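Residue numbering for the sequence shown follows the working numbering, beginning at 173 and increasing consecutively.
For each residue, glycine too, the CB sits at the ideal point set by N, CA and C.
Predicted model only: the values in this text are computed from it and were never measured.
Remarks on the structure that follows.
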Amino acid sequence: MDFLGDWLYLIIGVAVVGVLAVVGLLLPNRRGRVEPPAVSVDVITGDRVDEPPIIEPEAPPVPERPEGRESRLIRLRQRLSSSQGTLGRGLLALLSRDRLDEDTWEDIEDTLLTADIGVTPTQELVERLRTRLRVEGNEAGTPRDVLREELLALVDPSMDRRLAVTGTDGRPGVVLVVGVNGAGKTTTVGKIARILVAEDRSVVLGAADTFRAAAVEQLATWGERVGVDVVRGPEGSDPASVAFEAVKEGVDTGADTVLVDTAGRLQNKAGLMDELGKVKRVIEKQAPVTEVLLVLDATTGQNGMIQARVFSEVVDVSGIVLTKLDGSAKGGIVVAVQRELGVPVKLVGLGEGADDLAPFDPEAFVDALLG
Ligand code: GDP
């Protein structure tokens, strides 16, 4: 009996150990424990070699979805107010004095000139304000109302500020972006691409600033982030040929808009004219240029005005982008440059962030000035 009992215990013991061993083998895999590297043998030397780790293919980058129109505009309006508010506050404080004597009018003039509004517009504005406040008196409204009306008239709300990004006959709209180096051209091209992508338009970018490898890389990064194609050529290649290829790709793929970044070397007027003239001519073998945007840095004052003049003599500028308004209280340049070129400011740059570009809205701008 005892003998039988011993055997029974032995059989049960072996069975339990067996079950535990099987469970033990299965469990680690189910928990996803990392297996030690597989080992194989070199067929020639007979040495053991570790298998190379299996590298999973990298997931393709998910393009960013740019900030929506409404929240972008609210955020940028606040930023515009905080950068431009000092001009309006200064003017309002002066205009609200009990007695508007000659000294006060001179201070008003200085304030306007400091904000880069320009000499002629400043004189006109002061003249209008003096007359209205004297002749119309209280009937004109508060000084704030009068100033708002007159500033708005200077900024000219009647100008068409829509961007021409749509082509005709099934061809893409072509936007040529020009301006001196450092004004913010490449950044602006990237920001416009984001806005168009957010509006579900298909976009191709042309990196025709072939003289600066950094500019090409910078544009490629912008393109990658929103998932649009960037056509580029080798460093130092002909900008016109890159522009041609970009527009060709736009035509072939049925893109809505092609944005072409150009080189901004202000070597001399003849050189610039040759280069931009050729870029435009070559593009137009594929599709008409629908918009030529001149990018100007708002912080450069008179220098910016000189650049604006040179570029407008070289190409038919159809719109102005005023960048770096966030870092400047000199929003008056909007008035000066529009007067000088007879072309509207269409967009304003309000920071280095990817979505810091806003359509220029005269009323919002004047309200931001007045705080
Ligand atoms: P490009 O040489 O004309 O192509 O100029 P970039 O696009 O390379 O811009 C030059 C510098 O200006 C960069 O550091 C940009 O981040 C900066 N920048 C461009 N637009 C704005 C803007 O609206 N606000 C500010 N604060 N910086 C800007």
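Tell me whether residue i sits in a helix, a strand or coil according to DSSP, three-state version.
i	result
residue 485	helix
residue 382	coil
residue 471	helix
residue 140	Summary: the structure shown does not reach residue 140, with the chain confined to residues 173 through 543, and so no result is reported for it.
residue 530	strand
residue 491	strand
residue 521	strand
residue 401	strand
residue 264	helix
residue 195	Here the model assigns residue 195 a pLDDT of 45, short of 50, so the residue's position is not dependable and the matter cannot be decided.
residue 411	helix
residue 440	coil
residue 234	coil
residue 338	coil
residue 282	helix
residue 516	coil
residue 365	helix
residue 275	helix
residue 477	helix
residue 209	Residue placement at residue 209 cannot be trusted, given a pLDDT of 45 that sits under 50; the coordinates are not used to answer.
residue 329	coil
residue 289	coil
residue 372	coil
To the nearest angstrom, report how far apart residue i and residue j are at their CA atoms.
i	j	result
residue 299	residue 307	12 Å
residue 422	residue 328	35 Å
residue 478	residue 231	49 Å
residue 523	residue 333	21 Å
residue 253	residue 260	10 Å
residue 515	residue 290	16 Å
residue 294	residue 417	46 Å
residue 344	residue 398	19 Å
residue 428	residue 374	5 Å
residue 490	residue 279	35 Å
residue 466	residue 303	36 Å
residue 166	residue 460	Look at the range of the chain in this structure, 173 to 543, and you will see that residue 166 is not part of it.
residue 558	residue 362	Nothing in the structure corresponds to residue 558, since the chain is present only between 173 and 543.
residue 387	residue 358	7 Å
residue 535	residue 486	31 Å
residue 309	residue 502	30 Å
residue 247	residue 496	16 Å
Can you check DSSP and say which residues form a bridge with residue i?
i	result
residue 464	348
residue 433	349, 379
Can you tell me whether residue i is buried or exposed? The criterion is at least 16 other CB atoms within 10 Å of its CB, across all chains shown.
i	result
residue 317	exposed
residue 404	buried
residue 457	exposed
residue 380	buried
residue 311	exposed
residue 287	buried
residue 244	buried
residue 315	buried
residue 204	Note on residue 204: pLDDT 36, under 50, position unreliable in the model; the coordinate value appears next. The residue in question, residue 204, is exposed, as its Cβ has fewer than 16 Cβ neighbours within 10 Å.
residue 342	exposed
residue 242	exposed
residue 442	exposed
residue 425	exposed
residue 237	exposed
Taking 8 Å as the CB-CB cut-off, is residue i touching chain D?
i	result
residue 443	As a matter of chain content, chain D is missing from the structure shown, which is built from one protein chain.
Assess contact between the region 504-513 and the region 360-370, defined as three or more Cβ pairs (one per stretch) separated by less than 8 Å. Is contact present?
The region 504-513 vs the region 360-370: no contact.
Under 8 Å, with one C-beta from each stretch per pair, do the region 448-455 and the region 330-341 reach the 3-pair mark?
Contact between the region 448-455 and the region 330-341 is absent: fewer than three C-beta pairs spanning the two stretches fall below 8 Å.
Quick check: the region 464-475 against the region 343-358, are at least 3 beta-carbon pairs closer than 8 Å?
Enough Cβ pairs lie closer than 8 Å, so yes.
Are there three or more Cβ pairs, one per stretch, closer than 8 Å when the region 395-409 is compared with the region 479-486?
The region 395-409 is not in contact with the region 479-486.
Is the region 268-276 touching the region 388-403 in the sense that three or more CB pairs, one from each, lie closer than 8 Å?
The region 388-403, when compared against the region 268-276, does not touch it at the 8 Å Cβ threshold.
Three CB pairs or more closer than 8 Å across the region 377-391 and the region 430-450
Yes, since at least three Cβ pairs between the region 377-391 and the region 430-450 fall closer than 8 Å, the two stretches touch.
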